[in-house]
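For reference, the structure is listed below as structure tokens.
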Amino acid sequence: MIIEGGKGIGRIELTNIPLPEYVTNPYHPIYTASGHILLGYQLPGEADSNKDYYHIAVMDDDGSNFHDIFADSVPAHPTANGGLRLMPFADNTRVFLGDYILECPPDFGSCKSAALVRVRYPSRVVDDPRVMRHWSEIVVAPDNRHVAWTTLYKVGGALNFLGVLGKVGGLYEIHSACVISSMDVMEDDPQNAGCYRIKPMRGGEIKQFIHGGLGLSLVGAIGGALPGSVEQDLTSDAVIPVTNQPGYDETTIYSPDEKLGITMSTRNSPGTNFAILGLLPRPYALLVTMGLAFHVYLYAVAGVRKFRKGNIGPALIDIARSKADPAYFGVPLNDFTSDFIYHSPMSWHPSGMSVMWPEVTRGGGKGRVRAAHLLDYKPGAAVPAVVTPDAPPYAGSIDAFEPSGFAMPDHGNFIGKHSGYAEFTTAGMGSARISYHDYSDDGRSFLNGAEFIANDARVGNTIYQSKITLNGEDEGEMDLRLTFIRKDWDSPTSLSYDTAEDGLPASRGFARYNGKTIRIEDMEK
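Our numbering puts the last residue of the sequence shown at 525; the count rises by one with no breaks.
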């Protein structure tokens with residue numbers, strides 16, 4: 001199948017990577033620096049007797065020369081993320097699996113038998129009783145020396161760490177680790193006594209080292225209501241939004257020349273995109289809607305993978321254009337005609353001419369590996385690898401942090417750059433309110449009204465409500481109530497349309513901005 005990628009990209013051919021018939025559920029296929037493909041798989045029945053038993057295979061880009069380099073048990077640590085991750089080193093001889101490194105001498109293309117070597121994380125992370133997953137995402141720097149990972153905590157939220165990997169005796173050890181996530185989201189406003197301003201928010205799951213090892217691509221949010229894709233610099237305080245869509249974006253994996261990206265996104269799935277939350281610009285929306293991110297993920301990503309009609313991409317984007325143009329959608333690469341849904345990871349061939357990702361049928365079942373071949377694109381030179389710094393200027397001590405979620409005051413005001421103010425209040429975990437009072441940063445458009453979230457719970461009901469107007473050169477309005485319901489830990493998140501106490505549907509309303517309107521009744525049930 002050939003689709004048109006537009007100016008600067010040209011024709012794109014979508015294909016399935018051929019696999020042996022017995023590989024029905026390829027696991028974590030990923031390109032290596034040499035252009036080979038690594039992937040895991042299990043034969044029928046193997047997981048029944050030993051869920052930790054995996055085959056790891058290597059193959060050529062065209063599907064030929066498929067052969068196992070490892071077949072054995074990979075014992076899981078109790079707080080490890082489910083399954084494996086396959087993150088190949090740029091040295092073309094090792095793969096980071098999460099709790100292990102697979103050594104593949106002399107290189108991926110020639111290896112016949114790989115060896116599993118344990119990785120020891122800092123005890124401050126792995127032995128903390130508050131840890132739910134001591135790693136949920138792992139990445140390796142191009143210098144083959146630094147690693148970064150995301151740790152999930154029972155007390156709420158995630159923290160990212162950067163460390164140095166070294167081999168000590170018969171195992172690998174991560175040392176010199178530091179915290180590279182934000183511990184708070186506000187700071188005193190030096191221009192307005194007693195008021196606050198927003199700090200750059202560093203956090204969200206790590207996805208890729210970029211800029212030769214001087215930055216990270218990760219999930220974040222800057223100025224929007226829902227998570228998006230951001231760049232986090234490791235040499236300065238800079239955090240730069242990569243996607244500006246009003247809906248839910250997540251991973252962006254950069255091409256070798258870093259001109260293009262492939263993005264996990266709901267942007268081409270209007271019934272599950274939740275752009276209704278982000279359509280109307282509000283400078284402090286995230287302080288309220290961050291409590292909805294978990295529910296939006298379960299509805300728009302996990303729900304779509306299990307049963308709900310929709311898709312989660314991926315989309316091919318021009319990085320520079322995506323940063324600059326909120327109306328830019330990129331090129332959808334998902335198959336609108338089938339029930340195959342994107343699963344991670346996404347990875348680029350070192351030539352920059354092909355990008356690959358796995359898909360699984362909705363509800364689970366058969367898997368496949370998809371690839372997009374850029375037939376006309378002329379990639380630039382790959383960004384050269386450099387040495388990743390041991391600690392960014394904002395790094396925190398791994399021994400001093402307290403993983404208690406984002407620290408926020410109970411009450412505070414934000415002063416508009418031109419006029420007015422916004423008032424923030426919170427009442428415990430997940431309950432928050434922002435009200436706008438003739439708030440304006442530019443003197444041309446003015447916000448009034450409020451939005452709030454109540455009873456933010458992983459299980460039970462979470463209610464979001466907003467009644468906000470924007471008047472002036474830009475015009476818009478939100479009159480919206482969303483009631484997310486989740487009966488138990490094993491149930492999906494849904495929207496309730498039952499009759500609420502006020503006699504109106506529990507989920508109702510719309511958002512409008514500069515001529516575009518999104519209505520909640522158009523969302524998938």
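Beta carbons are placed, not taken as given, at the ideal position from N, Cα and C, and that holds for glycine. Computed from a predicted model, the values in this text were never measured in an experiment.
Thinking residue i and residue j are a contact (beta carbons under 8 Å), I'd like their distance in whole angstroms, please.
i: Asp479; j: Gly509; result: 5 Å
i: Trp357; j: Tyr342; result: 6 Å
i: Phe209; j: Pro314; result: That belief does not hold up - the Cβ atoms of Phe209 and Pro314 are roughly 19 Å apart, past 8 Å.
What residue range is occupied by the uninterrupted beta strand (DSSP E) comprising residue i?
i: Leu286; result: Segment 286-289 is the alpha helix (DSSP H) holding Leu286; no beta strand (DSSP E) there.
i: Ser435; result: 432-440
i: Ala422; result: 419-426
i: Leu277; result: Not the beta strand (DSSP E): Leu277 falls in the alpha helix (DSSP H), residues 275-278.
i: Ser123; result: Where Ser123 is concerned, there is no enclosing beta strand (DSSP E), although the alpha helix (DSSP H) it sits in stretches over 123-126.
i: Cys545; result: Because the chain spans 1 through 525 in this model, residue 545 falls outside it and cannot be assessed.
i: Lys167; result: 158-168
i: Val58; result: 53-59
i: Asp233; result: 228-233
i: Leu38; result: 37-41
i: Asp488; result: Where Asp488 is concerned, there is no enclosing beta strand (DSSP E), given that its DSSP letter is neither H nor E.
Along the chain, where does the alpha helix (DSSP H) containing residue i start, and where does it finish?
i: Asp48; result: 46-49
i: Ala320; result: 319-324
Please classify residue i: does DSSP put it in a helix, a strand, or coil?
i: His295; result: helix
i: His211; result: helix
i: Arg519; result: strand
i: Ala371; result: strand
i: Arg118; result: strand
i: Lys467; result: strand
i: Arg305; result: helix
i: Ala327; result: coil
i: Ala315; result: strand
i: Ala381; result: coil
i: Ala141; result: coil
i: Ala450; result: strand
i: Ala391; result: coil
i: Ala71; result: strand
i: Met300; result: Before going on, a small fix: residue 300 reads as Ala here, not Met. Helix.
i: Glu475; result: coil
i: Ser496; result: coil
Take residue i and list the residues in its own chain whose beta-carbon comes closer than 6 Å to its own, dropping the five residues that flank it on each side.
i: Ser181; result: Leu159, Asn160, Arg202, Gly203
i: Val140; result: Met87, Phe89, Phe96, Val147
i: Asn413; result: Cys195, Tyr421, Glu423
i: His77; result: Asp99
i: Cys111; result: Ile69, Cys104
i: Ala500; result: Ala506
i: Ile485; result: Asn461, Ser494, Ser496
Residues in its own chain within less than 7 Å of residue i by CB, not counting five upstream and five downstream?
i: Ser176; result: Gly163, Val164, Asp390
i: Met550; result: Because the chain spans 1 through 525 in this model, residue 550 falls outside it and cannot be assessed.
i: Leu14; result: Met1, Ile3, Leu333, Arg370, Ala372
i: His28; result: Leu39, Gly40, Leu84, Arg85, Leu86, Pro345
i: Gly247; result: Leu226, Thr266, Arg267, Asn273, Phe274, Ala275, Gly278
If I measure Cβ to Cβ from residue i and keep anything under 8 Å in the same chain, skipping five residues before and after, which residues do I get?
i: Glu398; result: Inspection of the sequence shows that residue 398 is occupied by Ile rather than by Glu. Answer for Ile398: Pro122, Arg124, Val125, Phe161, Ala177, Cys178, Val179, listed in chain order.
i: Gly548; result: Missing from the structure shown is residue 548; the chain here goes from 1 to 525 and no further.
i: Asp441; result: Pro283, Gly416, Lys417, His418
Practice item. Say whether the region 323-334 touches the region 265-277, bearing in mind that this needs 3 or more beta-carbon pairs closer than 8 Å, one atom from each stretch. Key: A contact exists between the region 323-334 and the region 265-277.
Check your understanding: Quick one: any contact between the region 33-46 and the region 385-400, if contact means 3 or more CB pairs under 8 Å?
Key -> By the Cβ rule, the region 33-46 does not count as touching the region 385-400, because fewer than three pairs are nearer than 8 Å.
Practice item. Report yes or no: do the region 307-325 and the region 470-490 share at least 3 C-beta pairs separated by less than 8 Å? Key: No, the region 307-325 is not in contact with the region 470-490.
Check your understanding: Can at least three beta-carbon pairs, one atom from the region 363-378 and one from the region 390-399, be found at a separation below 8 Å?
Key -> Pairwise C-beta distances place the region 363-378 out of contact with the region 390-399, as fewer than three of them are shorter than 8 Å.
Review point. Does the region 165-172 touch the region 122-138, meaning 3 or more C-beta pairs lie closer than 8 Å?
Key: Too few Cβ pairs lie closer than 8 Å, so no.
Review point. Are at least three pairs of beta-carbons, each pair with one atom in the region 63-74 and one in the region 11-24, less than 8 Å apart?
Key: Yes, they touch.
Review point. Quick one: any contact between the region 285-302 and the region 461-471, if contact means 3 or more CB pairs under 8 Å?
Key: Yes, since at least three Cβ pairs between the region 285-302 and the region 461-471 fall closer than 8 Å, the two stretches touch.
Practice item. Determine contact between the region 30-38 and the region 345-364, defined as no fewer than three beta-carbon pairs at a distance below 8 Å. Key: Taking a contact to require three or more Cβ pairs closer than 8 Å, the region 30-38 and the region 345-364 qualify as touching.
Exercise for review: Tell me, please, whether the region 315-324 touches the region 242-251 by the rule of three or more beta-carbon pairs shorter than 8 Å.
Suggested key: At 8 Å Cβ cutoff, the stretches touch.
Review point. Would you call the region 224-234 and the region 275-286 touching, i.e. three or more CB-CB distances under 8 Å?
Key: Yes: the two stretches touch, three or more of their Cβ pairs being nearer than 8 Å.
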